[in-house]
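When you number the sequence shown by this note's numbering, it's gap-free, plus one each residue, and the end is 933.
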Amino acid sequence: MNRQLLLLLLLLVLGSCQSFADNTDILRLKDVKVGMRGIGKTVVQGRRIETFEVEVLGILSNNKVNENLLINGKSILVKVSGDVIRRAGGIAAGMSGSPVYIDGKLVGGISSGWIMTDHTVGLVTPIEEMLEIWSYPELACLPDSPRHWQLAEPVTLGDRTFSAVWEIACDQPAGVIQPAADELVMRQAAAEVYVDGLQERAAEVLKSRMKRGNIKIAQKDLPAKTSDVPDEKMEPASYEPGSSIGIQLARGDINITTLGTLTHRSDHRVLALAHPFMKKGGVSFLMTGAYIHHSFSSVEMPFKIGVPTEMLGIITQDREKGVSGEIGRFPEMVPVQIDVLDKNLQVTRSINYQIVRDPSVFNMVLESTLVQALEGVIDRAGAGTALMGISLDCANTSGEQYSFRRENMFYSRSDIVQSLIAEVSSLIEMVTESDIEEVMPTRLLLKVEVEKRRRTLSIEKVEIKNAQVAGGGVLDVEITLRPFREEKFIRKVKIPIPQDIGKENLILSVFGLNMRVDDADGGAEPRDSRVSRDSRSEDSQPADFDSVIRSWASSPKNSDLLFQLTVEGDEMKKIKLNGKDLEIQPTNLVVTGRVDTTLTLSEE
């Protein structure tokens with residue numbers, strides 16, 4: 330039964346492509362022959378579409394069957410030529426998706442170029458396989474791995490004859506495979522991800538998070554905003570196969586963009602790239618126009634440099650054979666504002682931008698931009714104290730809104746920026762990975778004050794002043810505290826003991842969330858962080874997302890002095906203090922250390 334259902338789905342997918350193709354001027358792969366000549370279309374300067382010559386060298390096949398019972402596909406080996414190719418230096422990164430026509434019929438889009446050798450030889454993804462993207466939004470993506478193509482007939486290039494082709498992603502080194510003497514290696518002609526507004530460390534953070542797909546971070550000292558290019562705004566109706574487009578993850582004071590070429594358009598629907606961007610499947614990325622500054626030759630692979638221009642639409646699919654989207658419909662974007670004050674330099678900076686509201690990329694983009702916002706102001710790395718306020722608005726798929734605010738204080742002796750990133754990342758992951766319901770941020774505001782001075786408060790001693798205390802009584806506690814390099818002082822606290830406690834040996838623990846100054850610098854979760862987390866989840870599990878987020882917002886802070894009573898010999902048996910597992914006393918410094926004191930309750 331399952332096999333019959335899968336076969337039926339396969340026929341429906343192929344049938345939909347067949348029906349569409351019957352009404353579209355395309356040249357089917359079965360009709361493509363070695364020696365055929367045609368043209369390709371691309372942009373190598375500005376916005377003007379230019380043509381180049383294309384000759385078919387061979388037909389390649391990959392006979393693997395993927396987990397969706399669809400043939401993994403075929404590809405076309407081509408040689409390109411002409412003035413456009415000469416000026417571009419060959420098949421350049423950013424040309425991916427450039428449409429190829431034979432006898433006026435669309436054959437497919439340029440996907441890859443021959444690295445380190447002849448940049449005029451490349452691969453074309455057949456349009457028939459790209460059209461499938463419109464038909465199977467729920468199909469899983471294939472693993473990222475080099476693809477091996479077998480030529481139907483051997484091809485001679487120069488003095489060498491080849492019978493097979495390896496195709497690798499643009500961020501994979503050529504050494505990832507060891508080709509035989511009769512195999513050539515092609516690299517997908519994906520443009521680098523251009524990052525405007527991020528400096529070196531922030532860009533490296535983004536690069537480390539973008540582990541999957543065709544990603545290379547390239548910082549170019551070129552204009553990167555629409556206002557920086559000639560006034561040549563194009564109307565959406567003017568975009569056609571061969572036009573340059575951008576795919577953006579962030580837009581504003583910080584821009585994260587890759588460039589490509591539009592392969593095919595049917596009314597508002599488009600296909601582009603002819604290979605994956607990040608291979609995320611169903612996505613919600615921003616599609617823009619693009620202006621190409623220049624195309625550069627390179628020994629490894631030529632490349633284009635350009636910038637995003639006007640917003641054009643949405644990218645909805647990021648698949649093995651390319652990307653698809655719609656012109657005129659736009660993705661939801663999350664406004665982000667980060668205000669940073671360096672109290673030592675008395676410098677303030679505000680960064681405003683938007684991130685695509687896509688859970689697969691939101692957090693990694695936010696992390697890198699937070700690094701930039703902080704280090705761009707404090708102009709250093711290393712130790713420091715910070716006060717950070719978070720204002721977050723969210724919404725679920727039904728449109729129900731959630732809002733909360735939280736302020737917390739941090740100290741790190743090695744990397745204060747990383748401590749702040751960890752706090753924001755844990756929050757965003759809690760929201761986007763909620764197992765209660767699907768929720769995404771709709772607006773984020775961060776206000777951060779940073780200073781180099783160490784503002785910590787160490788717990789030195791705890792004394793219980795009562796000679797005797799019974800259940801229902803009150804503990805008189807004196808805590809000796811010392812601010813960093815300042816005079817110590819004593820804080821007096823009264824802790825009520827529950828009425829129903831008999832004669833027991835108890836442990837009074839007084840602590841901060843950071844047992845040591847360097848807890849925030851380590852990878853492991855501090856024990857006291859686990860205590861605070863457990864204290865808000867033991868009594869009852871939150872029934873809805875609003876309860877979860879409010880519990881987090883009201884949880885203990887790094888500047889809180891915490892008190893906990895447990896039964897000696899059984900740390901898990903906590904004594905309620907005012908109905909809660911913890912008694913919380915706020916301070917204005919980051920509390921460090923822990924002192925445990927044993928006491929015995931009297932019978933009366």
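Note that the Cβ used here is the ideal one computed from N, Cα and C, for glycine as well.
What you are looking at is a predicted structure, and each value in this text was computed from that prediction instead of being measured.
Check: Cα separation between E458 and T726?
Finding: Rounded to whole angstroms, the gap between the alpha carbons of E458 and T726 is 32 Å.
Next item on the list: Label Q797 either buried or exposed according to how many other C-beta atoms from any shown protein chain fall within 10 Å of its C-beta, with 16 as the threshold for buried.
Entry: Burial check for Q797: the Cβ neighbour count within 10 Å stays below 16, so the residue is exposed.
Note to self: Need the endpoints of the beta strand (DSSP E) that A619 sits in, please.
What the structure shows: For A619, the enclosing beta strand (DSSP E) has its first and last residue at G610 to F625.
Check: Per DSSP, N584 is paired with what?
Finding: Note: N584 is bridge-paired with D525 in the DSSP secondary-structure output.
Notebook entry, point to check: Under the DSSP definition of a beta bridge, which residues are partnered with Y682?
Noted result: Per DSSP, the beta-bridge partners of Y682 are G581 and V665.
Notebook entry, point to check: Helix, strand or coil: which one does DSSP assign to M738?
Noted result: Strand, per DSSP.
Notebook entry, point to check: Straight-line CA distance for V806 to E900?
Noted result: Looking at the two C-alpha atoms, the distance is approximately 20 Å.
Check: So S754 is in the alpha helix (DSSP H); what residue range does that whole segment cover?
Finding: S754 -> alpha helix (DSSP H) spans I745 to T761.
Checklist line | Beta-carbon separation (whole angstroms), S754 vs E696, contact threshold 8 Å | finding: Confirmed, Cβ separation roughly 6 Å.
Note to self: Need the endpoints of the beta strand (DSSP E) that I431 sits in, please.
What the structure shows: First-last of the beta strand (DSSP E) with I431: P428 to I431.
Note to self: Quick check on DSSP: helix, strand or coil for D899?
What the structure shows: DSSP places D899 in strand when its eight states are reduced to three.
Notebook entry, point to check: Does DSSP classify R772 as helix, strand or coil?
Noted result: Of the three classes helix, strand and coil, the one that applies to R772 here is strand, per DSSP.
Note to self: Considering just the uninterrupted stretch of the beta strand (DSSP E) at W495, what are its terminal residues?
What the structure shows: The continuous beta strand (DSSP E) containing W495 extends over residues R489 to I497.
Check: By a C-beta neighbour count over all protein chains shown, 10 Å radius and 16 as the cutoff for buried, is E752 buried or exposed?
Finding: With 16 or more other CB atoms across the displayed protein chains lying within 10 angstroms of its CB, E752 is buried.
Next item on the list: Mind reading off the beta-carbon distance from I574 to L591? Whole number of angstroms is fine, and I expect it under 8 Å.
Entry: By a beta-carbon distance limit of 8 Å, I574 contacts L591. Their separation comes to about 5 Å.
Next item on the list: Please name the residue, chosen from I634, S741, A579 and A702, that lies closest to R686 on a Cα-to-Cα basis.
Entry: Of the candidates I634, S741, A579 and A702, the one whose C-alpha sits nearest the C-alpha of R686 is A579.
Check: Roughly how many angstroms separate the alpha carbons of I913 and Q893, rounded to a whole number?
Finding: Roughly 9 Å separates the two Cα atoms.
Item checked: Minimum C-alpha distance to F813 - residue among A872, D764, Y740 and I745 -> Comparing Cα positions, the closest option is Y740.
Next item on the list: Starting from the Cα of N795, find the closest Cα among V777, L774 and I826 and give me that residue.
Entry: Nearest C-alpha to N795: I826.
Check: Hey, is the segment 480 to 498 in contact with the segment 372 to 379, meaning 3+ C-beta pairs nearer than 8 Å?
Finding: With the cut-off at 8 Å, the segment 480 to 498 and the segment 372 to 379 do not touch.
Next item on the list: For R648, count neighbouring Cβ atoms within 10 angstroms of its own Cβ and tell me buried if that reaches 16, exposed if not.
Entry: Per the 10 Å Cβ criterion, buried.
Next item on the list: Verify whether the separation of the beta carbon atoms of L356 and V484 is less than 8 Å.
Entry: Taking 8 Å as the Cβ cut-off, L356 and V484 do not qualify as a contacting pair.
Checklist line | Simplified DSSP state of Q914, which is helix, strand or coil | finding: Q914 sits in a strand when the DSSP states are folded into three classes.
Check: Grouping DSSP H, G and I as helix and E and B as strand, with all else coil, what is I826?
Finding: In the structure shown, the three-state DSSP call for I826 is coil.
Notebook entry, point to check: So, is N907 buried or exposed, given that buried needs 16 or more other C-beta atoms within 10 angstroms?
Noted result: It is exposed - the Cβ of N907 has fewer than 16 other Cβ atoms within 10 Å.
Item checked: V373 (DSSP reduced to helix, strand or coil) -> In this structure, V373 counts as coil in the three-state DSSP scheme.
Check: How many Å lie between V514 and N692 at the Cα?
Finding: A direct Cα-to-Cα measurement between V514 and N692 gives close to 34 Å.
Note to self: Using C-beta distances below 6 Å, list every residue in its chain close to L602, excluding the 5 sequence neighbours before and after it, in chain order.
What the structure shows: S425, G426, G589, G651 and V652, listed in sequence order.
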